[in-house]
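First up is the structure itself, then whatever we jot down about it.
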Amino acid sequence: MKKILNATTLFLVLIAIVSSSCNNLSPEKTFEIAGLNSNLLSRFGGKEINEKLQSEPQVYDESQKKMIPSTYYDAFKYDISNLETRFQTIKDIAEDDDNKEFLQASKDLFTYAIAKQKEGYLPIAKMKDEKASPEQIEKAIADFDASTLNDIDAKFTKLMNEAKAYAEKHNINAKIGI
């Protein structure tokens, strides 16, 4: 019984070490995950919505291992779920005094963007699926931009400033567009 207990304890210690080492990422990897993933949000708003509404809506079908036709609503929902997956990789990074401000800025941007996409992109996609007039869709997009543009720009700027400071601190060769 003592051998089993010792083996179990050793196993649990090894799992803890491996788990903590997975969260202790290098500054470069932290920068890549928390900073570069923000590029996915660089077209946020009307520009992205219009672009998506001009293409054929598709989602990935796991059983067929390929993209298949869908509604705009499901295609937008699929894109949001991909953002949520990327966001989870940011949330999984262990926060410390070194990366806290950078990670918080990234999390703030993703939290806001995902929430606003759910609130704004999905109803607009539904309008397109239901064959709303182009004028109604354009108005909804303009209203969405008017209500989100200042906040998303401020969150993006905060993240870019934090990313720049983090990259400089760790001698990461990166060009930050502010």
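Residues -21 to -1, 1 to 157 in mature numbering (1 follows the signal peptide of the UniProt record, and there is no 0) are what the sequence shown lists, from first letter to last.
All C-beta atoms in this analysis are idealised placements derived from N, C-alpha and C, irrespective of residue type, glycine included.
Model, not experiment: these values are computed from the prediction.
- Item | Nearest residue (CA-CA) to aspartate 108, options Ser17, Ala142 and Lys31 | Lys31
- Message: Please return the same chain residues whose Cβ sits closer than 7 Å to the Cβ of lysine 56, not counting the five positions on each side in sequence.
- Response: Hits under 7 Å: Leu101.
- Item | lysine 45 to tyrosine 52 span [Cα, whole Å] | 18 Å
- Opposite lysine 45 in the DSSP bridges: which residues? Asp40
- Buried or exposed: which applies to asparagine 78, given that a residue is buried once 16 or more other Cβ atoms fall within 10 Å of its Cβ? Buried: at least 16 other Cβ atoms inside 10 Å.
- Given glycine 99, which residues of its chain have a CB within under 6 Å of its CB, disregarding the five upstream and five downstream residues? Phe123
- Task: Take the Cβ of alanine 13 as the centre, count every other Cβ of all protein chains shown within 10 Å, and call the residue buried at 16 or more, exposed below.
- Result: buried
- Item | serine -1 in three-state terms, based on DSSP | Low local confidence applies: a pLDDT of 40 at serine -1 is under 50, so the model's placement there is unreliable, with the coordinate-based value given in what follows. In this structure, serine -1 counts as helix in the three-state DSSP scheme.
- Under a Cβ-count criterion, where at least 16 other Cβ atoms within 10 Å of its own Cβ denotes burial, should phenylalanine 10 be classed as buried or exposed? buried
- Please name the residue, chosen from Leu19, Thr136, Ala84 and Thr50, that lies closest to lysine 110 on a Cα-to-Cα basis. Thr50
- In chain order, what residues of the same chain have a beta carbon less than 7 Å from the beta carbon of lysine 105, not counting five sequence neighbours either side? Tyr52
- Under the three-state DSSP convention, the category residue 203 falls into: What is shown of the chain runs -21 to 157, which leaves residue 203 out entirely.
- Query: If you drop the 5 nearest sequence neighbours on each side, which residues of the same chain put their C-beta closer than 8 Å to that of isoleucine 59?
  - Reply: Within the same chain, isoleucine 59 has close Cβ partners Ile93, Gln96, Lys97, Tyr100 and Leu101.
- Query: Looking at the structure shown, is asparagine 50 part of a helix, part of a strand, or coil, going by DSSP?
  - Reply: At residue 50 the sequence reads threonine, which differs from the asparagine that was named. Three-state result, threonine 50: coil.
- Message: Between which two residues does the alpha helix (DSSP H) holding glycine 25 run?
- Response: That run of the alpha helix (DSSP H) goes 25 to 33.
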